[in-house]
Structures are given as structure tokens and as C-alpha cells.
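Participant:
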Amino acid sequence: MPAEHSAPADQVDAAPVDWLGDGELVPELQRLQRIITRAEARTAEIIAVAHRRGVPQAHGFGSPTAWLIAATGDPPPICRSRVRVALALSEMDHTRGAFRAGDLPQCRVRLLVDAYQGSPELFRRDESLLVQQAHGLSVRVFPLALAHWRRLADPDGALADAGRAFERRRLCLSATWQGMVRLDGDLDPESGAMVMQAVGSLAEPWALEPGDTRSPQQRRSDALVEICRRHLDSPDRPRQGGERPHLILTLSPADLASDGVVDFDSGPIAAESARRLTCDADLMPVVRDGRGNLVAVGRRTRVVPPALRRALALRDQGCTHPGCDVPARWCDAHHTEHWALGGKTDLPNLRFLCRRDHRFAHEGQAHPRRE
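Numbering of the sequence shown is given in my numbering, commencing with residue 106 and proceeding in unit increments.
(1) Grouping DSSP H, G and I as helix and E and B as strand, with all else coil, what is Thr406?
(2) Measuring straight from C-alpha to C-alpha, what distance separates His156 and Pro169?
(3) Do you know how far the Cα of Gln116 is from the Cα of Glu129?
(4) Taking a contact to mean a Cβ-Cβ separation below 7 Å, would you say Val190 touches Val218 in this structure?
(5) First and last residue of the alpha helix (DSSP H) that includes His440?
(6) Considering only their Cβ atoms, is the gap separating Arg324 from Ala298 smaller than 7 Å?
(7) Tell me the rounded alpha-carbon separation between Asp317 and Val330.
(8) Would you mind sorting Gln237 into buried or exposed? The rule is 16 or more other CB atoms within 10 Å of its CB.
(9) Given this structure, state the Cα-to-Cα distance separating Asp461 from Asn454, to the nearest angstrom.
(10) What's the call for Pro182, buried or exposed, on a 16-neighbour Cβ count within 10 Å?
(11) Are the beta-carbon atoms belonging to His439 and Ala466 less than 7 Å from one another?
(12) What do you get for Leu257, buried or exposed, if any count of 16 or more other CB atoms within 10 angstroms of its CB means buried?
(13) Hey, quick one: how far does the alpha helix (DSSP H) through Gly167 stretch, first residue to last?
(14) What are the boundary residues of the beta strand (DSSP E) that Val68 is part of?
(15) Just to confirm, is the Cβ distance from Cys277 to Asp289 under 7 Å?
(16) Relative to the ligand GTP, is the shortest distance from any of its heavy atoms to the C-beta of Asp293 smaller than 6 Å?
(17) Excluding sequence positions up to five away, which residues of its chain have a Cβ less than 7 Å from the Cβ of Glu232?
(18) Starting from the C-beta of Arg205, find all residues in its chain whose C-beta is less than 6 Å away, skip the five residues before and the five after it, and write them out in chain order.
(19) Given this structure, state the Cα-to-Cα distance separating Cys424 from Arg464, to the nearest angstrom.
(20) Tell me where the beta strand (DSSP E) around Ser296 begins and ends.
(21) Quick check on the DSSP output: the alpha helix (DSSP H) that includes Cys333 runs from which residue to which?
(22) With DSSP collapsed to three states, give me the class of Cys429.
(23) Counting beta carbon pairs with one atom in the region 245-262 and one in the region 222-229, are three or more of them shorter than 8 Å?
(24) On the criterion of 16 or more Cβ atoms from any shown chain inside 10 Å, does Ala203 qualify as buried, or is it exposed?
(25) Let me know the secondary structure DSSP gives Gly262 once reduced to three states.
(26) Do Ala379 and Leu356 have their C-beta atoms closer together than 7 Å?
(27) Threshold first: 4 residues or longer. Then list the alpha helix (DSSP H) segments lying entirely within the region 163-223, N to C.
(28) Given a threshold of 16 other Cβ atoms within 10 Å of its Cβ, counted over all protein chains shown, does Gly126 qualify as buried or as exposed?
(29) So what does DSSP say about Asp127, is it helix, strand or coil?
(30) What is the rounded straight-line gap between the Cα of Ala303 and the Cα of Val244?
(31) Just tell me which of Arg273, Pro432 and Ala265 has its CA closest to the CA of Ala418.
(32) Can you check whether the CB of Asp291 is closer than 7 Å to the CB of Arg269?
(33) For Gly262, I'd like the list of residues in its chain whose CB is within less than 6 Å of its CB, leaving aside the five on either flank, ordered along the chain.
(34) Measure the C-alpha to C-alpha separation of Ala163 and His240 and round it to an integer number of angstroms.
(35) Going by CA-CA distance only, name the one from Cys436, Ser320, Arg396 and Leu242 that's closest to Ile332.
(36) Here's a check: name, in chain order, each residue in its chain whose Cβ is nearer than 7 Å to the Cβ of Ala108, leaving out the five neighbours to either side.
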């Protein structure tokens, strides 16, 4: 960094950012990263000292994590991770020194802490070498190097790690206040590889036709939904209460014919989306009284009867959008004019569309495929 824009190593605010030349941006980022790392190392030392002196208990907290949450306002998972790192570093001299100097970012320190806690004695023996590797290896290679060290140094421990990884598997699904559904979790390596392979079979570039404009994140999202939909459409899925589980959407005729939004279990959806979902579905009429109490339930019927769907399959063979080769068994029967708006459920008013093309047909978006 030129002298006129240089700043002390521990000063955050230096020259205004707009004054920096293109060649100064990366050195400035690296300088700030060292400051952040040194601050994180000092934070870890404070946490360790507080724990050693019993400060959290003296202030009425049941654990160092609870004390840190109150002191910083950070979320529990972050505070829990910081406490774990801080307490382990007291036994990791080389790691602690590199962390304190700003040479080893916290993300790599956490990986070294994992290695230490898996095999403390072996880690102490090889810590100096592992810290050197943490300095020199790329962000992709270093975790692989640690795993390789673990397998060579402690094969039985590596096998136990695999068992612990399987026990830590989790999946969280929840509706958010923005009207989306949040998916978060961790899979053991074997399960994760299976899921990545399944999603990749529908989302990787080699599986797509030219002109697909979706982002990689959107492709993976669509692939996961499609895999779940195919499972629900399968005749082999398990039964609950004598019925196979599937999506249930409760609507009034007015809702279905409207132009607004309707309430769904995970949040509001557009009425046009509801019409897409009911293009090819089971219908069950119900009657409620003025207070909303259920009075009667009718017989469930199929919007597109099996015989009509078979005829549609013989005629269309699969998705009818040009360039799409999704087979009929994975397609929806789309009403050109929706039955809720007066359209007939007959061959002239029906065509097969895959789930992606069905969404575009209903929701009026510019189609990414070339006609």
C-alpha cells in the first residue's frame, strides 16, 4: 500500500475507501482480516479467562455460553462455537499463538479444534505440522488434509468420527415471516453424497437444455422439489391412516377464481398458483356452517379421471412444450382454460406439461426455453 494511504496495522479506519487504488484493495482487505482475526483471538482469551475465574457462575449464569449470549447479544450457536474454541485453545499452544498473531483465521482454528478434540494426544504430537498446513493449504484442501491425518494417525478414531457424524444429522424446515420456507441441516458424508448426486441429476448443467436461465441455486431448489413431488406421486409411498400422504390445499370456489392470494399452510400463495396446483388433482367437496364448522364431506374425485389421463398420455407422450422431453408420468394435465373459470376437462382443453413448464404457463413469466 502506498505510504500516503498506509495505516497502522491495528487501525481500522485509514484513508477513505474511495481513495484506494485498484491495487490497494486486496492488501487493505488482508490487513483488516488480520485485525479481525486478532480481535477474535482476544475474544477467545477473554472467554477462557472468564471461565477459569468462574465469572459466568458468579453473575448467575448457568454456563459460559449463556453469559456470552447476554454479554454480546449474538445468537446461541455462534456463542456456543466461540466458547468451544476458547476452552480448547488453552491446550493448543501452536494454534493459539498463530491465532493471536492474526496468522490463522477463526474458520481454520475451528477445524484444528475439531481435530484436537477427536484425538488430543495425537494432535499435540503433530500440532506444529498441522498449523503449518493450515497456513499453506487452500480452503478446499486443508479440511481434506486434516481428515487424511485423522485416518492415518487414528484409524479407530476416524471410524468413530464417522459414527458421530451420522448421529449429528439433522434437517430443519420452517415457514418464515417473509412467506418462504427455510430449509437448513447437516448430513453425514454418505447421505450427503447421495442427496448431492440426486439433486445434481436434475440441476447440473449437463442435465439441462441450452438456454436455461435459472441460477445454480434456483436449479437445485427446483430439483429438490421435483424429487419430492415424484416421491409423492409414486404408488409405493407409505400410507398414513389408510391414505398416502400428499399436499392438501383447502379453498373455496371464490378463492380459486380470484385474482389475489390465498392462504396456504406455509404462507400465502397467488391464486394463479392455486389454479396450477388444482389443474390435475383430487377434489373433495366439504360443507361448513356460518361459523366455519365442518358439516359434511363429499366423495373425493379426480379432476382428470384415470381414463382421460391415459388418453392424454397416448396423445402427448410427455411434456408438450417444445424442446422438453420429460415423460408423461412426471407431467401435470394442464387445463388451457382452467376448470374453475369454466374450462372443460376434456382432451381438447388439456395438454401435458412438466412441473416447470406448468408453472410458466400459469404464472405468465417469460419462458427461458426457445420456442
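Idealized CB from N, CA, C, for every residue including glycine.
Facilitator: In this structure, then:
(1) Strand, per DSSP.
(2) Roughly 6 Å between the two C-alpha positions.
(3) Using only the alpha carbons, I get a separation of about 16 Å.
(4) Yes, they are a contact pair.
(5) First-last for His440: Cys436 to His440, but that is the beta strand (DSSP E), not the alpha helix (DSSP H).
(6) Not in contact: Ala298 and Arg324 (Cβ atoms no closer than 7 Å).
(7) Using only the alpha carbons, I get a separation of about 18 Å.
(8) By the neighbour-count rule (16 or more Cβ atoms within 10 Å), Gln237 is not buried but exposed.
(9) Here residue 461 turns out to be Arg, not Asp, going by the sequence shown. C-alpha separation (whole angstroms): 19 Å.
(10) Exposed, by the Cβ-count rule.
(11) Yes, the pair counts as a contact, with Cβ atoms nearer than the cut-off.
(12) So Leu257 ends up on the exposed side.
(13) Run containing Gly167: none; DSSP gives neither H nor E here.
(14) Residue 68 is absent from the model: the chain starts at 106 and stops at 476.
(15) By the CB criterion at 7 Å, Cys277 and Asp289 fall inside the cutoff.
(16) Of ligands this structure carries none, so the ligand GTP is not represented either.
(17) Non-local beta-carbon contacts of Glu232 in its own chain, meaning distances under 7 Å to residues more than five positions away in sequence, involve Met197, His199 and Thr200 in chain order.
(18) Exclusion of the five residues before and after Arg205 leaves Ala146 as the residues of its chain whose Cβ lies within less than 6 Å of its Cβ.
(19) Inter-residue distance for Cys424 and Arg464 is about 13 Å (C-alpha atoms, whole angstroms).
(20) No beta strand (DSSP E) holds Ser296; the alpha helix (DSSP H) holding it covers Pro294 to Ala308.
(21) First-last of the alpha helix (DSSP H) with Cys333: Pro321 to Asp338.
(22) If DSSP states are grouped into helix, strand and coil, Cys429 belongs with coil.
(23) Contact between the region 222-229 and the region 245-262 is present, with at least three C-beta pairs closer than 8 Å.
(24) Here Ala203 is buried. Its C-beta has 16 or more other C-beta atoms within 10 Å.
(25) In the structure shown, Gly262 sits in a helix (DSSP, three-state: H, G or I).
(26) Yes, the Cβ-Cβ distance between Ala379 and Leu356 is below 7 Å.
(27) Runs found: 169-177, 181-194, 198-205 and 211-223.
(28) Exposed.
(29) In the three-state reduction of the DSSP assignment, Asp127 falls in the helix class, which pools H, G and I.
(30) As the crow flies, the alpha-carbon of Ala303 is around 26 Å from that of Val244.
(31) Selected option, being the one with the closest Cα: Pro432.
(32) At the C-beta level, Arg269 and Asp291 stay beyond 7 Å of one another.
(33) Here the set comprises Gly223 and Ser224.
(34) So the two alpha carbons sit approximately 39 Å from each other.
(35) Taking only the C-alpha atoms, the option nearest Ile332 is Cys436.
(36) Because the pLDDT of Ala108 is 45, which lies under 50, any placement of that residue in the model is unreliable, and the number read from its coordinates should be weighed accordingly. Excluding residues within five positions, none has a Cβ falling inside 7 Å.
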